[in-house]
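All remarks here apply to the structure that follows.
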Amino acid sequence: MDVAFIIETIVKIVVILLVFSALAGFGTYFERKVLAFMQRRLGPMHVGPYGLLQVAADGIKLFTKEDIIPQNVVKPIFKLAPVITAATAFMAAAAIPFWPEFTAFGYKVHPIVADVNVGILYVMAVMAIGLYGPLLGGMASANKFSLISAARSAAVFISYEVITGLALLAPLMMVGSLSLIDINNYQTGGISNWIAVSQPVAFILFWIAAFAETGRTPFHLVANDHEIIDGFGTEYSGMRWGLFFIGEYANMFFISFVMAIIFLGGYGDGSIAGALQLLLKVAFFFFFFLWTRAAWPDIRPDQLMWLCWKVLMPIAVVNVVITGVVILIKQGGM
Amino acid sequence: MFEAIAFYLFAALTIAMFTITVMTSQALYALTAMAAGMIFISAFFFILGADFLGVIQIIVYTGAVMALYAFGMMFFDTTRTVVEKRDNPRVIFILGVLAATLVVFILVSPIISTHIEANYPINAAMGNSETIGLILFTKFLVPFEIAAVMLLVAMIAGIVLAGKKMDKSLTLMAEEEIALMSATQAKPETEEGAH
Amino acid sequence: MHVEPFTDRNVSEQSAYYYVDIENYPVTGWDKFKQVVKRSIKGELFVGLWVVMRELIKFDIHTVQYPKEKLPIGPRYRAVHKLLRLWESGFERCIGCGLCEKICISDCIRMDTRIDENSRKEVTEYSINLGRCIFCGYCAEVCPELAIVHGDRYENASEQRAHFVIKDDMLTPLDFLTSGQQKEYPGFGAITPHEDERVAKTPLAY
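Residue numbers (this note's numbering), protein chains in the order written: chain A, 962 to 1295; chain B, 1261 to 1455; chain C, 8 to 213.
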């Protein structure tokens, strides 16, 4: 194997890890600020200018806190669970093209770690493994609230995997490829080519499922503070708890990237303007995660299941069938 | 060289994981090791260049093992070790070893007799996932559809079994209604007993 | 919204419980579906989104950054006590009558007096145990000279109990008095404004 290739890949991995763990930290800052402004508060103000160094303070706090492992927990699993969440969140980033190809110092850079031709499936699969973190953490904690949280995360996972898959199926039938770069290139040439325009139903469904997968507010039942304390995180302390947090926020960023690339045209034709557009779209999706947290109530687990199996899944199936028929008619097969 | 290293690494990991699955008496260890083993198996598909199958392996088995976790949660206290009841350990041991050797023999014999060649080698122009689709919907269409129908039957059966009295809620019903319901439920059994 | 007065309960006629209109709970699947469709199309979710977005744009922050900013307190607020001085002479107003000590319901005021060389009664020691004080204001109300009053210092955390108020802390320092920083106490027990107009002369006719 080419040495240059290996070095390039390692550099990319390090850059992605650094950028997104920092972004995950700043994600918490943005969330606190946005929520505060929407609730007529100021949010963090005391550490650094406008509270910007609050992230660093929190990081120092989490790192130096005692790592408590309670009695009666299943120790290896308890220790492993937060690592799964954080690690899989970053593993999923391997197949995401963050930026169009560009040339730096006469060297052509593909800002994607591994351009596998089943990119989107890989991303969804690894994000699915990420849900093992809450599940294992909850089951190993020897705490009733954690166990309830684990049961809920299993239920959410099993149901919303179906929605994600079926919602993705229709756009993938149109594109005919599972590679995120191919999906992006399919949509070049203006807003009318975006898949969100031709597949609005799939877009909305995927968006809803993204909320369930990242466990954000309308579907925040995995760690709903007013019912089950912190759910799977109840028994955790220090950096192990922080890893769950980093995983959650990194996941939010990555799923925003995936949504922007699949449905909103990604980076377009690969120009600088297109790349900036991609960042704007990602910022919008991330902001929307925070926005809904300020505005919407949480729903009950039974409502979540009802919504998934009796509303979203039939719509998704019908959408897939209609897409298939339309593609057949267009190809003149009927 | 990288492929060889990866192969031996993942082979060792997979074997270790499934050994834990079999040997441990702690439900949570067993389930987690099984999930990890299933994910490590997908590494072999990736090494062989079958990306699609590898990813499908991850997606399918994370979901399947997640369902197993749900069952584990319902049946055990997963933070305690399960005390298994073994009436005749010798029979279990002999049967287990026999089954294992049989499986190994069945899988290894074609490799020893003739060198295996891929019936459908990876077509660089088409890509792996398209080849799989083509084969599934041409040569293996009938088994594929039969499997689909069987899964549909299983799904409908599951819904029918679980869906009985789903419109009734014990928490919303009055005491008398619950008593009435359990009385009518118990009635046919007593009638049968009388005959 | 409708009003339903509860006449058969021990609730006054004027006050009544306000009931928020709650729709009938959907029973059948079709009803539930209709409810979901209605809620989706009515855009209640988007109203919520708009409301919080409006607040974000208006940026009408209501936070008081406490140690830097403080809210004004009412003139009748009862915080840590103060001992005032006479305006002209600068003597202590306290005449050592002991009424505050007597009336204090949590028994936290202690005073010691002696007759000084001018044969005036002098207060040698005056302390209020703020750890016990419930800030009821009786001492300020009962004081005939308006000597002990409630101040506006409400941050009374301390490292030692001994720091809780002794006479020197409460008494207005002389330089404060001369620079006009001692304010006449308008609060609990003080004379109300425009009292002069309201005072009628004692009729001497009888």
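Note that the Cβ used here is the ideal one computed from N, Cα and C, for glycine as well.
A Cβ-Cβ separation of about 11 Å leaves C146 of chain C out of contact with C101 of chain C under the 8 Å criterion. Put simply, of C:G158, C:Y32, C:V172 the residue whose alpha carbon is nearest the alpha carbon of A164 of chain C is C:V172. Here the stretch 1187-1206 of chain A does not lie against the stretch 1117-1134 of chain A, with fewer than 3 beta-carbon pairs under 8 Å apart. Inclusion of S1302 of chain B and L1139 of chain A in the CB contact set at 8 Å is not warranted, their separation being larger than that value.
Interface annotation, T1274 of chain B: not in contact with chain A, CB-CB separation never under 8 Å.
Residue state for D1263 of chain A is assigned as helix, using DSSP reduced to three classes.
Legend: CB atoms of the stretch 1319-1330 of chain B lying less than 8 Å from CB atoms of chain A belong to residues I1319, T1322, G1323, M1326, A1327, Y1329, A1330. Around V1035 of chain A, the beta-carbon contacts reaching into chain B at under 8 Å are Q1286, L1288, Y1289, T1338, T1339. A buried status is given to P1058 of chain A, since no fewer than 16 other beta-carbon atoms sit within 10 Å of its beta-carbon. For Y1268 of chain B, the uninterrupted alpha helix (DSSP H) run begins and ends at 1262-1283, by DSSP. Beta-bridge annotation (DSSP): F1063 of chain A is paired with A:V1070.
With respect to F1106 of chain A, I1189 of chain A sits close: the two C-beta atoms are nearer than 8 Å. In the DSSP assignment, E129 of chain C falls within the unbroken beta strand (DSSP E) covering 128-135. Comparing alpha-carbon positions, the option among C:P200, C:R160, C:Y26, C:A154 lying closest to G97 of chain C turns out to be C:A154. Under a 10 Å Cβ-count criterion, F1404 of chain B is classified as exposed, with fewer than 16 other Cβ atoms of the shown protein chains found around its own Cβ. Just so you know, the alpha carbons of G1126 of chain A and W1060 of chain A end up roughly 25 Å apart.
Counting C-beta pairs closer than 8 Å gives fewer than three between the stretch 1231-1238 of chain A and the stretch 31-44 of chain C, which falls short of the contact rule. For the stretch 128-182 of chain C, the continuous alpha helix (DSSP H) assignments of 4+ residues that do not extend past its boundaries occur at 145-149, 174-177, in sequence order. Comparing C-alpha distances from R1001 of chain A to each of C:F183, C:F40, C:F66 shows the shortest one belongs to C:F66. Along the stretch 1290-1316 of chain B, the alpha helix (DSSP H) does not occur as any fully enclosed run of 4 or more residues. When C-beta atoms of the stretch 1261-1275 of chain A are compared with those of the stretch 1173-1187 of chain A, three or more pairs fall below 8 Å, so the two segments count as touching. Taking a beta-carbon distance threshold of 8 Å, L1082 of chain A does not count as an interface residue toward chain C. Annotation: Q167 of chain C to D159 of chain C spans about 21 Å, alpha carbon to alpha carbon.
With 16 or more other CB atoms across the displayed protein chains lying within 10 angstroms of its CB, N1078 of chain A is buried. DSSP, reduced to helix, strand and coil, places R85 of chain C outside both helices and strands of the structure shown, so it counts as coil.
Comparing C-alpha distances from L1166 of chain A to each of A:I1156, A:D1191, A:T1178, A:A1128 shows the shortest one belongs to A:A1128. In this structure, R1201 of chain A lies away from T1253 of chain A, with their beta-carbon atoms at least 8 Å apart. When Cβ-Cβ separations below 8 Å define contact, A1408 of chain B makes no contact with chain A.
With respect to chain B, the C-beta atom of V1077 of chain A has a partner C-beta closer than 8 Å. In this structure, I135 of chain C sits away from K128 of chain C, with a CB-CB distance that is not shorter than 8 Å.
The C-beta of T70 of chain C has fewer than 16 other C-beta atoms within 10 Å across all chains shown, which makes the residue exposed. N1104 of chain A is not a Cβ neighbour of T1046 of chain A, given a cutoff of 8 Å. Taking 8 Å as the CB threshold, L1241 of chain A stays off the interface with chain C. Listed as beta-bridge partners of E99 of chain C by DSSP are C:R92. For the stretch 80-111 of chain C, no residue has a beta-carbon sitting nearer than 8 Å to a beta-carbon of chain A.
Taking one beta carbon from each stretch, the stretch 1031-1050 of chain A and the stretch 1076-1094 of chain A have 3 or more pairs nearer than 8 Å; the two touch.
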